[in-house]
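In what follows, a single structure is set out as structure tokens and then discussed.
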Amino acid sequence: MNPLLSLELKRARRNRRTLVFTAVLPVFFFLTFSARSSAETVGGLKVAPYIMVSMATYGAMNALFTGCGIIAAERAVGWTRQLRVAGLPGSSYVRTKTFMAYLVATPALLLVFLMGALVRDVHLGVGVWIGAAVSILVCLAPVAALGVLIGYLVRPQTLQPIFGIGSAFLALLGGLWIPVSQFPTALRDVVEVLPTYWAAEAGRSVISGRWVGWAGLCVVAAWTAGLGVAAAAAYRRDSLRPASAGAT
Amino acid sequence: MPPPTPQVTHGIRLEHLTKRYGEKLAVDDVSLQVAPGEVVALLGPNGAGKSTTIDMLLGLTPPDAGAVELWGLDPAEACRRGMVGAMLQSGGLLGGVTVAEMIGLVRRLSPHPLAPDEVYEMARVTELTDTRADRLSGGEVQRVRFALAIAGNPHLLVLDEPTVAMDVATRRSFWEAMYEWTSSGRTVLFATHYLEEADQYADRAVLMAQGRVVADGAVAEVKAAVGLRVIRVTVEASIEQLSSLVGVVDAERRGDVATLRCHDSDAALRHLLRTFPNAHDIEVRGAGLEEAFLALTADTRQPASIGDSQ
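Just so you know, the protein sequences line up as chains A and B, in that order. Add 342 to the 1-based position in the first sequence for my numbering, that's all there is to it. Add 3 to the 1-based position in the second sequence for my numbering, that's all there is to it.
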């Protein structure tokens with residue numbers, strides 16, 4: 343195992359608060375929004391499973407976004423330079439951070455699912471639960487890439503507002519907070535080019551036994567490729583720049 | 004007969020390194036060779052290009068022109084082989100992990116690490132191993148950073164102004180630890196703007212100013228070359244008169260107060276008092292490195308080769 347990964351695992355085990363904080367808001371939203379009108383259907387699903395998928399996606403999205411974006415803070419204190427001199431290639435560092443972000447995203451997502459099963463009577467087969475979880479996590483890859491991009495672009499001081507605004511933007515426009523069917527028509531076209539919408543859609547189609555469709559997969563693939571290339575460029579640019587600009 | 008072992012004559016080899024940031028030429032055609040086992044001080048005022056040179060040496064910043072070799076290898080490759088340890092100016096620590104875990108990480112990244120106890124003892128962090136990095140005091144952070152630099156048992160140790168934030172006691176204990184390390188015949192390059200640190204701990208000093216190497220030689224020789232003194236005196240005399248005094252390099256004046264930069268302040272003072280008996284409020288002090296560099300760079304744009312250290 344990559345030595346950094348084993349250190350990060352120890353760190354994550356010690357820092358379980360991050361996990362709780364990541365999961366608390368989506369769980370709260372889910373329980374609140376799914377409290378009534380259980381007989382209605384949204385997008386072909388009952389309200390509870392629909393919102394369950396939205397909030398599970400929302401929680402996982404936040405974990406990936408912040409987990410990869412935190413690179414900005416580690417860069418600023420010079421930890422990434424320290425690792426480079428110690429012999430860890432930058433690409434291993436990025437892979438480790440992305441893996442760790444997924445490791446935090448997964449329980450956040452599963453906790454919302456668990457609430458769905460226990461509190462809101464969402465009953466699904468084991469394969470469907472797993473299929474939905476995996477589909478959501480895979481289709482959130484662009485968000486991880488966006489996190490890495492931001493991690494290599496911004497200063498740590500601007501990280502918090504970017505997390506706040508970016509997460510709200512992705513969740514709201516991706517239809518994670520409010521079902522897309524309640525959006526004005528003009529806005530729906532915008533929603534359908536966002537990867538967060540398709541991540542949730544992928545989860546929902548698994549639950550309702552549908553095929554999500556090529557259009558959605560193309561959107562996700564395009565965002566992953568585009569943001570991945572941008573993140574790689576930002577990473578290379580960063581290696582060209584001393585951490586403390588101005589010092590010699 | 005066994006074949007002769009290939010002899011690596013250069014640990015560090017910098018060839019015509021140049022780096023520009025926008026308009027500013029941060030490093031201007033720097034060439035430098037350091038033999039294995041040498042302890043070299045990279046001296047210079049702020050803005051001299053020391054950190055940029057070190058970043059290029061470590062492969063953290065690619066040069067615009069020129070080449071770097073560490074033991075014949077590309078710096079990134081040398082780092083991957085655990086040959087390099089560094090204490091950088093902004094070399095931060097990771098929050099949420101203990102000192103021992105962080106040292107363990109660097110040890111595991113190196114193919115030939117030091118034993119943990121050896122690292123702890125040498126860097127004086129034995130009592131800190133279970134402490135989390137975010138709970139260390141300033142002086143402790145520096146010791147831990149030194150521990151991280153040596154944990155991989157590197158051939159080359161690079162320290163970028165390691166004592167800059169240390170108090171006097173921490174500074175002394177740091178250099179003691181450094182001295183132990185260098186006494187085992189390892190190569191060290193450290194940047195500093197304290198002449199006395201170079202004087203006490205380095206075999207050789209390389210002076211940089213305005214992105215260039217302006218002097219390179221044994222520390223004592225370099226020290227003599229930059230060991231200017233400054234006389235401040237209240238006297239009625241022209242700049243020309245003052246500049247022509249014995250031992251004076253140059254002079255300037257503001258009102259009645261003249262400042263004389265001297266390579267021999269004793270001779271200058273005797274001459275001054277003989278020539279201007281009413282000179283008063285006399286103050287003699289050692290010139291700072293910056294003043295010394297100004298004198299050196301004003302004299303010549305060519306690197307001054309001092310002594311014969313190579």
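In this text, a Cβ means the ideal position worked out from N, Cα and C, and glycines have one as well. Quick caveat, the model's predicted, so the values are computed rather than measured.
Should F511 of chain A and G517 of chain A be called a contact, given that it needs their Cβ atoms to be closer than 8 Å? Here F511 of chain A is not near G517 of chain A, since their CB atoms are 8 Å or more apart.
Report yes if the CB atom of G385 of chain A is closer than 8 Å to the CB atom of R546 of chain A, and no otherwise. Cβ distance < 8 Å, so G385 of chain A and R546 of chain A count as in contact.
My guess is that A398 of chain A and A443 of chain A are in contact by the Cβ rule of under 8 Å, so how many angstroms apart are they, rounded? With a beta-carbon spacing of about 16 Å, A398 of chain A and A443 of chain A fall beyond the 8 Å limit used to define contacts.
Meets three-Cβ-pair contact criterion under 8 Å: the segment 195-202 of chain B and the segment 112-124 of chain B: Fewer than three pairs of CB atoms, one per stretch, sit closer than 8 Å, so the segment 195-202 of chain B makes no contact with the segment 112-124 of chain B.
Could you round the C-beta distance between V561 of chain A and V522 of chain A to whole angstroms and report it? I think they count as a contact, below 8 Å. That belief does not hold up - the Cβ atoms of V561 of chain A and V522 of chain A are roughly 14 Å apart, past 8 Å.
Between V287 of chain B and L272 of chain B, which are expected to be in contact by the criterion C-beta below 8 Å, what is the C-beta distance as a whole number of angstroms? The pair is a contact, with the Cβ atoms about 7 Å apart (cut-off 8 Å).
Within the 8 Å Cβ cut-off, does P345 of chain A reach chain B? With 8 Å as the cut-off, P345 of chain A counts as an interface residue toward chain B.
In chain order, each beta strand (DSSP E) run of at least 3 residues that lies wholly inside the segment 64-111 of chain B: Correct list: 68-73, 87-90.
Is the segment 418-425 of chain A touching the segment 464-480 of chain A in the sense that three or more CB pairs, one from each, lie closer than 8 Å? Using a Cβ-Cβ distance cut-off of 8 Å, the segment 464-480 of chain A and the segment 418-425 of chain A are not in contact, since fewer than three pairs of beta carbons, one from each stretch, lie closer than that value.
In the structure shown, what three-state DSSP assignment does G148 of chain B receive? Reading off the sequence shown, one finds Arg at residue 148 of chain B, where the question assumed Gly. Of the three classes helix, strand and coil, the one that applies to R148 of chain B here is helix, per DSSP.
Residue environment, D320 of chain B, which counts as buried when at least 16 other CB atoms sit within 10 Å: The question about residue 320 of chain B has no answer, for chain B in this structure spans 4 to 313.
Can you tell me whether H158 of chain B is buried or exposed, with buried defined as 16 or more other CB within 10 angstroms of its CB? Here H158 of chain B is buried. Its C-beta has 16 or more other C-beta atoms within 10 Å.
Quick one: what's got a C-beta closer than 8 Å to W184 of chain B's C-beta in the same chain, skipping five residues either side? Hits under 8 Å: M125, I153, L160, V191.
Cβ-Cβ separation, G188 of chain B to A168 of chain B (assumed contact under 8 Å), whole Å: Contact doesn't hold; Cβ gap of about 29 Å is too wide.
Cβ closer than 8 Å: which chain A residues qualify as neighbours of C82 of chain B? The contacting residues are R426, V427, A428, G429.
Spatial distance of R215 of chain B from Q244 of chain B (CA atoms): The straight-line gap from Cα to Cα measures roughly 33 Å.
From T132 of chain B to R423 of chain A, what does the alpha carbon distance come to, in whole angstroms? T132 of chain B and R423 of chain A have their C-alpha atoms spaced approximately 22 Å apart.
What three-state label does DSSP hand Q36 of chain B in the structure shown? Reduced to three states, the DSSP call for Q36 of chain B is strand.
Using a Cβ-Cβ cut-off of 8 Å, state whether W540 of chain A counts as contacting chain B. Not an interface residue.
By DSSP, does L351 of chain A sit in helix, in strand, or in coil? Correct three-state label for L351 of chain A: helix.
Who are the neighbours of N404 of chain A on chain B, taking C-beta pairs under 8 Å? Chain-order list of chain B residues neighbouring N404 of chain A: empty, with the shortest C-beta distance near 19 Å, by a criterion of under 8 Å.
From the beta carbon of L117 of chain B, is the nearest beta carbon of chain A less than 8 Å away? Not one chain A Cβ lies under 8 Å of L117 of chain B.
If you draw a straight line from the C-alpha of A254 of chain B to the C-alpha of M211 of chain B, how long is it? A straight-line Cα-Cα distance of about 24 Å links A254 of chain B and M211 of chain B.
Residues of the segment 105-138 of chain B in Cβ contact with chain A at a cutoff of 7 Å, in chain order, please. The residues in question are L108, V109, R111, L112, S113.
Quick check: what's the CA-CA separation for K22 of chain B versus R358 of chain A? Their backbone Cα atoms lie some 44 Å apart in a straight line.
Selected residue, minimal CA-CA separation from E179 of chain B, among B:A29, B:A240, B:P65, B:R146: Its Cα nearest to that of E179 of chain B, the residue B:R146 stands out among B:A29, B:A240, B:P65, B:R146.
Whole alpha helix (DSSP H) elements within the segment 168-211 of chain B, 4-residue minimum: Within the segment 168-211 of chain B, the complete alpha helix (DSSP H) runs of at least 4 residues fall at 171-185, 198-204.
As assigned by DSSP and simplified to three states, the class of D259 of chain B: In the structure shown, D259 of chain B adopts coil according to DSSP, grouped into three states.
Could you tell me whether the Cβ atoms of A136 of chain B and L97 of chain B are closer together than 8 Å? Cβ distance < 8 Å, so A136 of chain B and L97 of chain B count as in contact.
Verify the CB distance criterion: does L559 of chain A have a CB-CB separation below 8 Å to chain B? L559 of chain A has a beta carbon lying at 8 Å or more from every beta carbon in chain B.
Helix, strand or coil at H19 of chain B according to DSSP, with G and I counted as helix: DSSP places H19 of chain B in strand when its eight states are reduced to three.
Jot down the residue ranges of each uninterrupted alpha helix (DSSP H) in the segment 395-451 of chain A, minimum 4 residues, whole runs only, in chain order. Taken in chain order, the complete alpha helix (DSSP H) segments of 4 or more residues contained in the segment 395-451 of chain A are 413-418, 421-428.
Have a look at the DSSP bridge pairing and note the partners of E286 of chain B. In the DSSP output, where bridge partners are listed per residue, E286 of chain B has B:R235.
From the DSSP secondary-structure annotation, give me the bridge partner or partners of K388 of chain A. Note: K388 of chain A sits in a beta bridge opposite A:T383.
Spell out the partners DSSP gives C265 of chain B in its beta bridges. In the DSSP output, where bridge partners are listed per residue, C265 of chain B has B:R232, B:V251.
Who are the neighbours of V419 of chain A on chain B, taking C-beta pairs under 9 Å? In chain order: S93, G94, G95, L96, L97, G98.
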